[in-house]
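First the structure, in the form of structure tokens, and then the observations on it.
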Amino acid sequence: MKENQLNVPVIRIDSISKVYRGEGFEVHALREVSFNVEKGDFVAVMGPSGSGKSTLLNILGCLDRPTSGTYFIEGEAVSKLNEKALARTRNRRIGFVFQSFNLLPRLTAFQNVELPLIYKGIGRSTRTEVVRRYLGAVGLADRMENRPNQLSGGQVQRVAIARALVNEPSIILADEPTGNLDSRSGEEVMKIFQDFNDQGKTIILVTHEDDIARHARRILKFRDGSLIADEVVNERLRADDRIQEIEENEHVQEAEMAQ
Ligand SMILES: Nc1ncnc2c1ncn2[C@@H]1O[C@H](COP(=O)(O)OP(=O)(O)OP(=O)(O)O)[C@@H](O)[C@H]1O
Ligand SMILES: [Mg+2]
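Just so we're aligned: the sequence shown equals residues 40 to 298 in the working numbering.
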């Protein structure tokens, strides 16, 4: 039976639990968590440190398996996939922007973004065109030949986003992508996510910051491994407006300094 793809949520998790067991310890990182994510949603995942956010993202990203419960990506049961099929799903359908997924330090921004396309077997001229387009989209057209240590923290994060998007994944997972950034760079990162979400991409983003979460359409709140709230964001913040506000404040400050 072929399911109607249009009606299938991008993500469906049903009563997922994750228990870490070791010598003398047992941590219930996730407790029977269930929710759906529809295509084109933008979800912020919030909760105190240790509440299970990264554990959830690792499972959603097929980097780890739950102890119990089921997980479907676009109607396909992930738990039934063997390692090879899991890796294929991960590469084809999921784009990661994780703080621990660092760029390769010896490669330029261009080469870092090009890498997933090389793995995919895309020819050189198409690669060049696609990499230029995505680095342009994240505002780095003039930094393509810089290596990561020749870029600011915000620019590095934008290269990581371009690399995550270049494969055209159906789901983008981001763990604290604005965590180490000043507010201006954070807004620029959120602008990229909002632009891609406006084009129908599904985004799930972990953040500690209320202001960042309010750029999403929906907020899932976790505590001690349990999902405790699932809220629609009223009066969403738009990164475009926030960047404009920041710029206006900068001008005011400059004018005051000049007096
Ligand atoms: N590999 C592991 N082995 C044992 N316990 C783990 C492991 N990974 C995470 N944990 C525990 O599981 C719980 C959830 O961790 P997780 O990393 O998901 O939290 P988090 O919400 O992402 O926190 P933070 O905001 O600090 O990043 C914590 O109590 C943590 O100590
Ligand atoms: Mg975490």
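All C-beta atoms in this analysis are idealised placements derived from N, C-alpha and C, irrespective of residue type, glycine included.
Does the beta carbon of residue 93 fall short of 6 angstroms from some heavy atom of ligand 2? The residue you call residue 93 lines up with position 54 of the sequence shown. Remark: the C-beta of residue 93 is in contact range of ligand 2, defined as less than 6 angstroms to any heavy atom.
Go ahead and pull the three-state DSSP assignment for residue 282. As a working mapping, residue 282 is identified with position 243 in the sequence shown. DSSP, reduced to helix, strand and coil, places residue 282 within a helical segment of the structure shown.
Outcome for residue 227 when other beta-carbon atoms lying within 10 angstroms are tallied against a minimum of 16: The residue you call residue 227 lines up with position 188 of the sequence shown. When all chains shown are included, residue 227 counts as buried.
DSSP-derived helix/strand/coil call for residue 56: As a working note, residue 56 is residue 17 in the sequence shown. Three-state result, residue 56: strand.
Of all the options 206, 189, 48, 126, which has the alpha carbon lying nearest to the alpha carbon of residue 152? Taking the sequence shown and counting its residues from 1, one reaches residue 152 at position 113. Ranking 206, 189, 48, 126 by CA distance to the CA of residue 152 puts 206 first.
For residue 286, I'd like the list of residues in its chain whose CB is within less than 6 angstroms of its CB, leaving aside the five on either flank, ordered along the chain. Translated into positions along the sequence shown, residue 286 becomes position 247. Scanning its chain for C-beta atoms nearer than 6 angstroms, with the 5 sequence neighbours on each side dropped, one finds no residue around residue 286.
Beta strand (DSSP E) runs contained entirely in the stretch 170-247, provided each spans 3 or more residues: Whole beta strand (DSSP E) segments, 3+ residues: 210-214, 241-245.
Under 7 angstroms, do residue 69 and residue 89 count as touching if we go by C-beta distance? Translated into the one-based positions of the sequence shown, residue 69 becomes position 30. Translated into the one-based positions of the sequence shown, residue 89 becomes position 50. No, the pair does not count as a contact, with Cβ atoms beyond the cut-off.
Taking just the CA atoms, how far does residue 50 sit from residue 158? For the purposes of this step, residue 158 is taken as residue 119 along the sequence shown, with counting starting at 1. For the purposes of this step, residue 50 is taken as residue 11 along the sequence shown, with counting starting at 1. Rounded to whole angstroms, residue 158 to residue 50 spans 26 angstroms at the Cα level.
Where the alpha helix (DSSP H) containing residue 152 begins and where it ends: In the sequence shown, the residue the question calls residue 152 occupies position 113. Counting along the chain, the alpha helix (DSSP H) containing residue 152 begins and ends at 148-158.
CA-to-CA distance, residue 185 to residue 127, given in whole angstroms: One-based indexing of the sequence shown puts residue 127 at position 88. One-based indexing of the sequence shown puts residue 185 at position 146. Roughly 30 angstroms between the two C-alpha positions.
Would you check if the distance between the CB atom of residue 364 and the CB atom of residue 87 is smaller than 7 angstroms? Given that the chain is displayed from residue 40 to residue 298, the structure contains no residue 364 and the question cannot be resolved.
Just confirm the distance between the C-beta atoms of residue 255 and residue 81, as a whole number of angstroms; I'd bet it's less than 8 angstroms. Counted from its first residue, the sequence shown places residue 255 at position 216. Counted from its first residue, the sequence shown places residue 81 at position 42. Their Cβ separation, rounded to whole angstroms, is 5 angstroms, which keeps residue 255 and residue 81 in contact under 8 angstroms.
Using the DSSP secondary-structure output, state which residues sit across from residue 260 in a beta bridge. For the purposes of this step, residue 260 is taken as the residue at position 221 of the sequence shown. According to DSSP, which records beta bridges pairwise, residue 260 is partnered with 85, 268.
Of the choices 63, 109, 242, whose alpha-carbon is the least far from that of residue 71? Residue mapping note: residue 71 aligns to position 32 of the sequence shown, counting from 1. Its Cα nearest to that of residue 71, the residue 109 stands out among 63, 109, 242.
For residue 145, tell me which candidate among 161, 188, 113 has the shortest Cα-Cα distance. Start at 1 with the first residue of the sequence shown, and residue 145 comes out as number 106. Of the listed residues, the one whose Cα sits closest to residue 145 is 188.
How far does the alpha helix (DSSP H) with residue 133 in it extend, from its first residue to its last? The count along the sequence shown starts at 1 and reaches residue 133 at position 94. Where residue 133 is concerned, there is no enclosing alpha helix (DSSP H), although the beta strand (DSSP E) it sits in stretches over 133-137.
From the DSSP output, read off the bridge partner residues of residue 274. Here residue 274 refers to the residue found at position 235 when the sequence shown is read from its first residue. Looking at the DSSP output, residue 274 shares a beta bridge with no other residue.
Cβ of residue 265 within 6 angstroms of any heavy atom in ligand 1? By 1-based counting over the sequence shown, the position of residue 265 is 226. Not so, every heavy atom of ligand 1 lies at least 6 angstroms from the Cβ.
Less than 7 angstroms between the beta carbons of residue 241 and residue 78, yes or no? Counting from one through the sequence shown, the residue named residue 241 turns up at place 202. Counting from one through the sequence shown, the residue named residue 78 turns up at place 39. Taking 7 angstroms as the cut-off, the beta carbon of residue 241 is found closer than this to the beta carbon of residue 78.
What would DSSP say about residue 290, mapped onto helix, strand or coil? Your numbering for residue 290 matches position 251 in the sequence shown. In this structure, residue 290 counts as helix in the three-state DSSP scheme.
Comparing the CB of residue 89 with every heavy atom of ligand 3, is any distance shorter than 6 angstroms? Ligand 3 is not part of this structure, which contains only ligand 1 and ligand 2.
If contact is defined by three or more beta carbon pairs under 8 angstroms, each pair taking one atom from either stretch, is the stretch 95-108 in contact with the stretch 52-59? As far as the Cβ criterion goes, the stretch 52-59 touches the stretch 95-108, which means the pair count is three or higher.
Since residue 278 and residue 230 are thought to touch, with beta carbons under 8 angstroms apart, how far apart are those beta carbons, to the nearest angstrom? Along the sequence shown, one-based indexing puts residue 278 at 239. Along the sequence shown, one-based indexing puts residue 230 at 191. That pair is a contact at about 4 angstroms.
Would residue 100 pass as a contact of residue 135 if the rule is Cβ separation under 7 angstroms? One-based indexing of the sequence shown puts residue 100 at position 61. One-based indexing of the sequence shown puts residue 135 at position 96. Their beta carbons are under 7 angstroms apart, which means residue 100 touches residue 135 by this criterion.
Please say whether residue 192 and residue 219 have beta carbons closer to each other than 7 angstroms? Here residue 219 refers to the residue found at position 180 of the sequence shown. Here residue 192 refers to the residue found at position 153 of the sequence shown. In contact: residue 219 and residue 192 (Cβ atoms closer than 7 angstroms).
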